[in-house]
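Enquirer: There's a structure below that I have some questions on.
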Amino acid sequence: MSQLTLSGLFFYPVKSLRCISLERAPVDSRGIHYDRHWMVVDGDGKFLTQRQHPRMALVRTALTPGGLRLSAPGMPDLDVAFEPEGVSEAAVQVWGDQCLARSAGEAPASWLSHYLGMDCRLFFMPEQTERPVDPTYAAPEDRVGFADGFPFLLISQASLDDLNRRLDEALPMIRFRPNLVVSGCEPYAEDGWRRIRIGKVIFRVAKPCSRCVIPTINPETGEKGVEPLRTLNRYRREGNKVYFGQNLLHDGAGELKLGSVVEVLE
1 MSQLTLSGLF FYPVKSLRCI SLERAPVDSR GIHYDRHWMV VDGDGKFLTQ
51 RQHPRMALVR TALTPGGLRL SAPGMPDLDV AFEPEGVSEA AVQVWGDQCL
101 ARSAGEAPAS WLSHYLGMDC RLFFMPEQTE RPVDPTYAAP EDRVGFADGF
151 PFLLISQASL DDLNRRLDEA LPMIRFRPNL VVSGCEPYAE DGWRRIRIGK
201 VIFRVAKPCS RCVIPTINPE TGEKGVEPLR TLNRYRREGN KVYFGQNLLH
251 DGAGELKLGS VVEVLE
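Residue 12 in UniProt numbering sits at position 12 of the sequence shown, and the numbers go up by one each step.
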C-alpha cells in the first residue's frame, strides 16, 4: 500500500455556510478550532441549513484577526466579533440537542435575515458550553460544536474519484463537506479503518456518514440537482440510507497539517 497523506483540510466556521481550505489547523476538544462555532437559527432558536435554504451555500466565510467575515452575492461584507460585548444568551437547538449559546449581535441578525428573506439570528458556542457526542458511538468526554453529530468527517480522494467515474459530470470534494481528505488508499478503504493517526492526533472511526440532500446543492449557484445521491443510491445504499465518508472522534488536542502522513492503527 502506498503512503497515506492528508491531502485536504477544511473547516466550516458557520454551520451550513461555505468552507475554508486550510494548510494547517489547531485541534481542540471540539475538533478544528472554530469549526461550526457559529450557527444560524430561526426565531425559535432552531438551526437552519442548506437542506431548507440552499442559498446558504453562497455565503462565504473568512476568519479575521478580530472574528468572522461574511460575504454573499448582493450583500456588503460583514465583520462579526469573536466575543461581541453585551450579547444575550439563549438555548438553541441543533437536531435533538439543546445548547446554551450567545447571540452574535443585531448586525449579523439583520444581515442574514435580509439575505435569506426570513427572521434569523447568528449564535456562537461559548467555551463553557459542552455538547456531548451521542454516547452510542462516543466516550463520555467527547464533545462537538454545532456540527450535525461528530467533530470530524473524513473521505478518501479515491472514494470521490471512484464516484466521479460513475457520474456524467465530476463533482468537487467540497460537495460532501469533509474536514479531512486522505490520498493514497483504495476507494472506500476508510470504511474498514477503526483508528488512525495524523501527526500527533489519534482519531477513532465512529460510524459511516449517511448523506442528506446537501451534496446535491451546487455550491457555486445554490441550485439543487439529483446527483450524486442518485448514483450513490445504486451502490452505497444500506437499508434506507446512503453512506459516503466516515465520522470521526479524536483524542486530545494537537495540530493538523496538510501533507502529513496518515497512519492506520486498526
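By construction, the Cβ of each residue, glycine as well, lies at the ideal position given by its N, Cα and C atoms. No experiment lies behind these values; they were computed from the predicted model shown.
In this structure, does DSSP put G31 in helix, strand or coil?
Expert: If DSSP states are grouped into helix, strand and coil, G31 belongs with the strands.
Enquirer: Is E255 helix, strand or coil by DSSP?
Expert: Strand, per DSSP.
Enquirer: Between which two residues does the alpha helix (DSSP H) containing R166 stretch?
Expert: Its alpha helix (DSSP H) spans residues 157–166.
Enquirer: Quick check: the stretch 211–221 against the stretch 49–67, are at least 3 beta-carbon pairs closer than 8 Å?
Expert: The stretch 49–67 is in contact with the stretch 211–221.
Enquirer: Would you identify the three-state DSSP class for M56, choosing helix, strand or coil?
Expert: Note: M56 maps to helix in three-state DSSP.
Enquirer: Please name the residue, chosen from I32, Q3, L4, that lies closest to F10 on a Cα-to-Cα basis.
Expert: F10 has its Cα closest to that of I32, out of I32, Q3, L4.
Enquirer: Please determine, among G8, R18, A72, D134, the residue with the shortest C-alpha to C-alpha distance to G96.
Expert: Nearest C-alpha to G96: D134.
Enquirer: Using 8 Å as the Cβ pair cut-off and three pairs as the minimum, do the stretch 15–27 and the stretch 61–70 touch?
Expert: Yes, the stretch 15–27 touches the stretch 61–70.
Enquirer: N233 by DSSP, collapsed to three states: which one?
Expert: N233 falls in the helix class under three-state DSSP.
Enquirer: Looking at P178: is its Cβ nearer than 8 Å to the Cβ of S159?
Expert: Going by C-beta atoms, P178 is not nearer than 8 Å to S159.
Enquirer: Going by beta-carbon coordinates alone, are V242 and L249 separated by less than 8 Å?
Expert: Taking 8 Å as the Cβ cut-off, V242 and L249 do not qualify as a contacting pair.
Enquirer: If you count every other CB in all the chains shown that lies within 10 Å of the CB of R237, and 16 or more means buried, which is it?
Expert: R237 comes out exposed.
Enquirer: In this structure, does DSSP put E89 in helix, strand or coil?
Expert: Residue state, collapsed to three classes: strand.
Enquirer: On a Cα-Cα basis, can you pick out the residue from Q157, G259, Q3, N247 that is closest to A138?
Expert: Checked all of Q157, G259, Q3, N247; the closest Cα to A138 is N247.
Enquirer: What does DSSP give as the partner residues of S103 in its beta bridges?
Expert: Bridge partners of S103: F123.
Enquirer: For the beta strand (DSSP E) holding L263, just list the boundary residues, first then last.
Expert: In the sequence as displayed, the identity of residue 263 is Glu instead of Leu. Per DSSP, E263 belongs to the beta strand (DSSP E) from 262–264.
Enquirer: Quick one: what does DSSP say W193 is sitting in, helix, strand or coil?
Expert: In the structure shown, W193 sits in coil (DSSP, three-state: anything other than H, G, I, E or B).
Enquirer: Is H37 helix, strand or coil by DSSP?
Expert: Coil, per DSSP.
Enquirer: According to the neighbour-count rule (16 or more other Cβ atoms, all chains shown, within 10 Å of its Cβ), is E223 buried or exposed?
Expert: Under this definition E223 is an exposed residue.
Enquirer: Could you check if K15 is buried or exposed, using at least 16 other CB atoms within 10 Å of its CB as the buried criterion?
Expert: Buried, since its Cβ has 16 or more Cβ neighbours within 10 Å.
Enquirer: Measure how close the beta-carbons of G67 and V87 come, nearest whole angstrom, since I'm counting them as under 8 Å.
Expert: G67 to V87, Cβ: 12 Å. No contact.
Enquirer: Mapping the DSSP letters down to three states, classify S113 as helix, strand or coil.
Expert: Looking at S113 - three-state DSSP - the assignment turns out to be helix.
Enquirer: Looking only at its chain, what residues have a beta carbon closer than 6 Å to the beta carbon of S29, apart from the 5 residues adjacent to it on each side?
Expert: Result list for S29: R143, in chain order.
Enquirer: Relative to the C-alpha of E85, which candidate in S103, S156, E227 has its C-alpha closest?
Expert: Nearest option by C-alpha distance: S103.
Enquirer: Could you give the distance in angstroms between the alpha-carbon of R234 and the alpha-carbon of M173?
Expert: Each residue's alpha carbon lies about 20 Å from the other.
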